[in-house]
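Same order as they appear, the protein sequences are chains G and A. Under the working numbering, the residue at position 346 of the first sequence is numbered 346, and the numbers go up by one with no gaps. One rule links them: number in the working numbering = place in the second sequence (from 1) + 1000. Just so you know, even glycine gets a beta-carbon here, dropped at the ideal spot from N, CA and C. Accompanying notes for the structure given below.
There are 2 protein chains.
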Amino acid sequence: MTIDQSEQATTPQAPTLEMVAHVAGVSRATVSRVVNGSTAVTPQVTALVNAAIEKLNYVPNRAARSLASRRTNVIALIVPEQTSTVFSDPFFASVIQGVAVYLNDTDYTLNLLIASESSSDKTRRYLLGGNVDGALVVSHHSGDHSYTRLGQKLPIVFGGRPLTPELDDSYFVDVDNVAAARSATGHLISLGRTRIATVAGPQDMPPGVDRLRGWREAMDAAGLADDLVEIGGFSPASGADAIGRLLDRDASIDAVFFANDQMAAGAYPVLRERGRAIPGDIAVAGFDDDPLGTALSPTLTTVHQPSSELGAGMAAALVRLIAGDTLEHEQIMSTTLVIRESSGGEPTA
Amino acid sequence: MTIDQSEQATTPQAPTLEMVAHVAGVSRATVSRVVNGSTAVTPQVTALVNAAIEKLNYVPNRAARSLASRRTNVIALIVPEQTSTVFSDPFFASVIQGVAVYLNDTDYTLNLLIASESSSDKTRRYLLGGNVDGALVVSHHSGDHSYTRLGQKLPIVFGGRPLTPELDDSYFVDVDNVAAARSATGHLISLGRTRIATVAGPQDMPPGVDRLRGWREAMDAAGLADDLVEIGGFSPASGADAIGRLLDRDASIDAVFFANDQMAAGAYPVLRERGRAIPGDIAVAGFDDDPLGTALSPTLTTVHQPSSELGAGMAAALVRLIAGDTLEHEQIMSTTLVIRESSGGEPTA
DNA sequence: ATGAAAGCGCTAACAT
DNA sequence: ATGTTAGCGCTTTCAT
């Protein structure tokens, strides 16, 4: 009869720091020092310890480490659910990717949190319960800084400026939407167009406000009338509606700046139906550099945002904040205008 | 002179279980029982404890809990970097959202992990180091089951079937791509079209293979020739190229089934240039129900996948797996055909 | 430069 | 039904 000696072969018990210490013939404290990169350890001993770690395939236990050090090494990425269309918006997707990739090279771990209205209390508790070292808030809609207050308790970095910067001392990373919109509009003006309209975004969201402002500034600077404005909702359907209203108002429109590419895409079929050739009759520019812009015909001129860099920038800022560094409250990244066929660019551009 | 008594006002020290026990006048064990919903506690005592928790605003410390219970309550969501286009693919974005939202109602926390080739070792170590209770793997490209082996050490659920199911006993959630493609193709056939082509996806990815198979089955069943096949790469550009090759091969094509919407979108301009009206001359159907399908003109007929449900399904399956339940290795969800203008559907459809 | 020892806040037997 | 008591695996003074 065989004797079953491994009654409790449940989990192949991971090697502990103590086992490493034993194998290396040193104390646990020393192993800890090596693992945490302390300089006060002899190269010889370090090598010894590393060999033991290698041999045992040791991996530090996060929970224990966190419990003892009173740091979690966890960063929360909060996505307000309303915004969670976020996910189907390639721009945000890319921001999130930037965050994740950046953190991969640190020893912070990323916690993805969808914060719905209903769970907002739970979310607050979680954040304040000492479960994370800091938080990143990604949102477009409304420049949702409802988490702003938490900022005094917990390091937080926002994606996008707050709606009312004066009342808000939060940290954020953003692009200069005003300048970018000005530049796109300036491009349309440089084409010789004079009746340039804009389909703006919702005026309760910073990007909606800023891009409209940029358009207006460019028009004013060129001495052109800035009356052709319609507000859309950033969706293709709203873009289609808005362009319809604009054409009804003024048939002489010869260019349009859309606050985002989705709305521009929605407007394409309408322009075609109404017999307006792009860019012949009407030049078009959008914003976001949505991948769909290259699938359209003609391809869409747009403003490119360094989305994954924005994400990386947010993560980097938060890491510094957690480390106790002092830094600028705002960090602005630059955009680039991508000229394609819809404003006379080359087919291959 | 004022006396600074709060020298160490660093962190407002969170309340501990012990403090709650003290306030409630019970032992720590009892508090723990209440917190964890044990039934073996008197309603009176439970109320007492809850009051204390409320009063102190107590939140359990995850690290301590995890250390003591040897469970982490963390689930990793692994996104192979190659796949990380994943993020700009609305389908995956939606799957991820489904996962996150589902887990929000459990007490599992989601760890987002971008696994690059270079960091794959690090990722493995992390997963096996007892830092998570289970993992979810999302990927399209190649049906990347390179994590399959980990499945024996750690509960894992995959999104999408493995490339070679016979050699693989992993758990996965997927849709029946073959049946869905058959249905879409059947729809084109029912329109009376007879020269129906397909632009398939890469043949080293399960969806690429399966959707081609579905098309072929439908064609064969209807007694139609199944020779009009071109392989694309799921991108708009590849769709444009493929449709060009098809038209060069056979000018009599009267319908095309694309393995995804992105390729169909890329083909639209080409069809227009070549003077083929959609759906008049050529009926078109895609796959994925990409939002861009409604921005196209004519709107695109496509196969809708229950993406967020797929995510939720994956999460649910993993949670059960972790709990030790036994379950089916595969879970198939159903798709729906969305008929729009490109195959004769109503404009508003 | 290294070791000893005291917890970090909680869960889980085991007692009662 | 509730309390006692060991730890979970690690970091971190404090000695040496």
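Original post:
Closest by CA to residue 137 of chain G, which one among G:171, G:261, G:245, G:152?
Top reply: Taking the first residue of the first sequence as 1, we reach residue 137 of chain G at position 137. Of G:171, G:261, G:245, G:152, the residue nearest in Cα terms is G:171.
Original post:
What residue does the beta strand (DSSP E) around residue 78 of chain G start on, and which one ends it?
Top reply: What you label residue 78 of chain G is simply residue 78 of the first sequence in a count that begins at 1. That run of the beta strand (DSSP E) goes 74–80.
Subject >> Other residues of its chain near residue 296 of chain G: CB distance less than 7 Å, five sequence neighbours each side excluded >> reply: Counting from one through the first sequence, the residue named residue 296 of chain G turns up at place 296. Closer than 7 Å at the Cβ level, and outside the excluded window around residue 296 of chain G, lie 265, 268.
Original post:
Of the residues A:1062, A:1276, A:1207, A:1223, which one's Cα is nearest the Cα of residue 1352 of chain A?
Top reply: No statement about residue 1352 of chain A is possible, as the shown extent of chain A runs from 1001 to 1349 and does not include it.
**OP:** Tell me where the beta strand (DSSP E) around residue 1390 of chain A begins and ends.
**Re:** The structure shown does not extend to residue 1390 of chain A, since chain A is modelled only from 1001 to 1349, so the question has no answer here.
**OP:** Select from A:1096, A:1256, A:1071, A:1163 the residue whose C-alpha is nearest the C-alpha of residue 1210 of chain A.
**Re:** Translated into positions along the second sequence, residue 1210 of chain A becomes position 210. Closest by alpha carbon: A:1163.
**OP:** For the stretch 1248–1270 of chain A, enumerate the residues whose C-beta is nearer than 8 Å to any C-beta of chain G, in chain order.
**Re:** 1262, 1265, 1266, 1268, 1269
Original post:
Ordered along the chain, which non-local residues of its own chain (more than five positions away) have a Cβ less than 6 Å from that of residue 299 of chain G?
Top reply: As a first step, residue 299 of chain G must be located in the first sequence, where it is residue number 299. Answer for residue 299 of chain G: 340, 341, listed in chain order.
Original post:
Per DSSP, which one or two residues make a beta bridge with residue 952 of chain A?
Top reply: In the structure displayed, chain A extends from 1001 to 1349; residue 952 of chain A sits before or after that span and is not available.
Original post:
In chain G, what lies closer than 9 Å to residue 1315 of chain A by C-beta?
Top reply: In the second sequence, residue 1315 of chain A corresponds to position 315, counting from 1. Per Cβ cutoff of 9 Å: no residues; residue 1315 of chain A is ~12 Å from chain G at best.
Subject >> residue 333 of chain G (DSSP reduced to helix, strand or coil) >> reply: As a first step, residue 333 of chain G is located in the first sequence; it is residue number 333 there, counting from the start. If DSSP states are grouped into helix, strand and coil, residue 333 of chain G belongs with the strands.
Original post:
Does residue 1084 of chain A have its Cβ less than 8 Å from a Cβ in chain G?
Top reply: Within the second sequence, numbered from 1, the residue matching residue 1084 of chain A stands at position 84. The predicted position of residue 1084 of chain A is uncertain, since its pLDDT is 48 and thus under 50; no value can be drawn from it.
Subject >> Close beta carbons around residue 143 of chain G, own chain, < 7 Å, minus the five adjacent residues each side >> reply: Reading the first sequence from its first residue, position 143 is the one you call residue 143 of chain G. Annotation note: pLDDT 49 at residue 143 of chain G (below 50); position unreliable, no value reported.
Original post:
Do residue 130 of chain G and residue 1061 of chain A come within 8 Å of each other at the CB atom, strictly closer than that value?
Top reply: On the second sequence, position 61 is the one that residue 1061 of chain A refers to. On the first sequence, position 130 is the one that residue 130 of chain G refers to. Their beta carbons are under 8 Å apart, which means residue 1061 of chain A touches residue 130 of chain G by this criterion.
Subject >> Closest residue to residue 1313 of chain A among A:1302, A:1330, A:1067, A:1278 (Cα-Cα distance) >> reply: In the second sequence, counting from the first residue as 1, residue 1313 of chain A sits at position 313. For the residues A:1302, A:1330, A:1067, A:1278, the minimum Cα distance to residue 1313 of chain A belongs to A:1330.
**OP:** Kindly indicate if chain A contains any beta-carbon less than 8 Å away from that of residue 143 of chain G.
**Re:** Mapped onto the first sequence, residue 143 of chain G falls at position 143. Bear in mind that the predicted position of residue 143 of chain G carries a pLDDT of just 49, short of 50, making it unreliable; the figure below should be weighed with that in mind. With 8 Å as the cut-off, residue 143 of chain G does not count as an interface residue toward chain A.
Original post:
CA-CA distance, residue 306 of chain G and residue 101 of chain G?
Top reply: Taking the first residue of the first sequence as 1, we reach residue 306 of chain G at position 306. Taking the first residue of the first sequence as 1, we reach residue 101 of chain G at position 101. C-alpha separation (whole angstroms): 14 Å.
Subject >> Contact list for the stretch 1091–1103 of chain A against chain G, Cβ threshold 7 Å >> reply: 1093, 1094, 1096, 1097, 1100, 1101
Original post:
If you compare alpha carbons, which of G:223, G:240, G:183, G:254 is closest to residue 195 of chain G?
Top reply: Along the first sequence, read from residue 1 onward, the residue named residue 195 of chain G stands at position 195. When only C-alpha atoms are compared, the closest one is G:254.
Original post:
What residue from G:182, G:284, G:48 has the CA that sits closest to residue 345 of chain G's CA?
Top reply: In the first sequence, the residue the question calls residue 345 of chain G occupies position 345. When only C-alpha atoms are compared, the closest one is G:284.
**OP:** May I ask you to report which of helix, strand or coil DSSP gives residue 258 of chain G?
**Re:** Mapped onto the first sequence, residue 258 of chain G falls at position 258. The answer is strand: DSSP assigns residue 258 of chain G an E or B state.
Original post:
Between residue 1157 of chain A and residue 1197 of chain A, is the Cβ-Cβ spacing less than 8 Å?
Top reply: What you label residue 1157 of chain A is simply residue 157 of the second sequence in a count that begins at 1. What you label residue 1197 of chain A is simply residue 197 of the second sequence in a count that begins at 1. Cβ distance not < 8 Å, so residue 1157 of chain A and residue 1197 of chain A don't count as in contact.
**OP:** Taking only runs that begin and end inside the stretch 1170–1214 of chain A, name each unbroken alpha helix (DSSP H) of 4 or more residues, in chain order.
**Re:** 1177–1190
Original post:
For a contact meaning CB atoms closer than 9 Å, what does residue 59 of chain G contact in chain A?
Top reply: Counting from 1 along the first sequence, the entry for residue 59 of chain G is found at position 59. Chain A residues near residue 59 of chain G: 1125, 1126, 1128, 1129, 1130, 1131.
Original post:
Are three or more beta carbon pairs between the stretch 1102–1115 of chain A and the stretch 1309–1327 of chain A nearer than 8 Å?
Top reply: yes
Original post:
residue 217 of chain G: beta carbon under 7 Å from a heavy atom of the ligand COA?
Top reply: The ligand COA is not part of this structure, which contains no ligands at all.
**OP:** Examine chain A for any beta-carbon lying closer than 8 Å to the beta-carbon of residue 202 of chain G, and answer yes or no.
**Re:** Reading the first sequence from its first residue, position 202 is the one you call residue 202 of chain G. So, not an interface residue.
Original post:
Among A:1291, A:1077, A:1252, A:1246, which has the Cα closest to the Cα of residue 1270 of chain A?
Top reply: Residue mapping note: residue 1270 of chain A aligns to position 270 of the second sequence, counting from 1. Residue A:1246 is the option with its Cα nearest to residue 1270 of chain A.
Original post:
Which residue or residues does DSSP assign as beta-bridge partners of residue 1061 of chain A?
Top reply: Translated into positions along the second sequence, residue 1061 of chain A becomes position 61. Looking at the DSSP assignment, residue 1061 of chain A forms no beta bridge with any residue, so it has no partner.
Original post:
Taking Cβ-Cβ distances shorter than 7 Å, what residues in chain A pair up with residue 110 of chain G?
Top reply: Locating residue 110 of chain G in the first sequence gives position 110, where the first residue counts as 1. What residue 110 of chain G touches in chain A: 1111, 1112.
Original post:
Going by DSSP, what residues sit across from residue 114 of chain G in a beta bridge?
Top reply: Translated into the one-based positions of the first sequence, residue 114 of chain G becomes position 114. G:79, per the DSSP bridge assignment.
Original post:
Under a CB-based cut-off of 8 Å, is residue 1294 of chain A close to chain G?
Top reply: Reading the second sequence from its first residue, position 294 is the one you call residue 1294 of chain A. Answer yes: the Cβ-Cβ gap between residue 1294 of chain A and chain G drops below 8 Å somewhere.
Subject >> Start-to-end residues for the alpha helix (DSSP H) that takes in residue 29 of chain G >> reply: Taking the first sequence and counting its residues from 1, the one referred to as residue 29 of chain G is at position 29. Run containing residue 29 of chain G: 28–35, per the alpha helix (DSSP H) assignment.
Original post:
Any Cβ of chain G within less than 8 Å of the Cβ of residue 1162 of chain A?
Top reply: Walking along the second sequence from the start, residue 1162 of chain A turns up at place 162. It does not; no Cβ of chain G falls within 8 Å.
Original post:
Hey, out of A:1125, A:1182, A:1066, whose CA is closest to residue 1036 of chain A's CA?
Top reply: Numbered from 1 along the second sequence, position 36 holds the residue referred to as residue 1036 of chain A. It is A:1066 whose Cα lies nearest to the Cα of residue 1036 of chain A.
**OP:** Just confirm the distance between the C-beta atoms of residue 1107 of chain A and residue 1073 of chain A, as a whole number of angstroms; I'd bet it's less than 8 Å.
**Re:** In the second sequence, the residue the question calls residue 1107 of chain A occupies position 107. In the second sequence, the residue the question calls residue 1073 of chain A occupies position 73. Contact holds; Cβ gap of about 6 Å.
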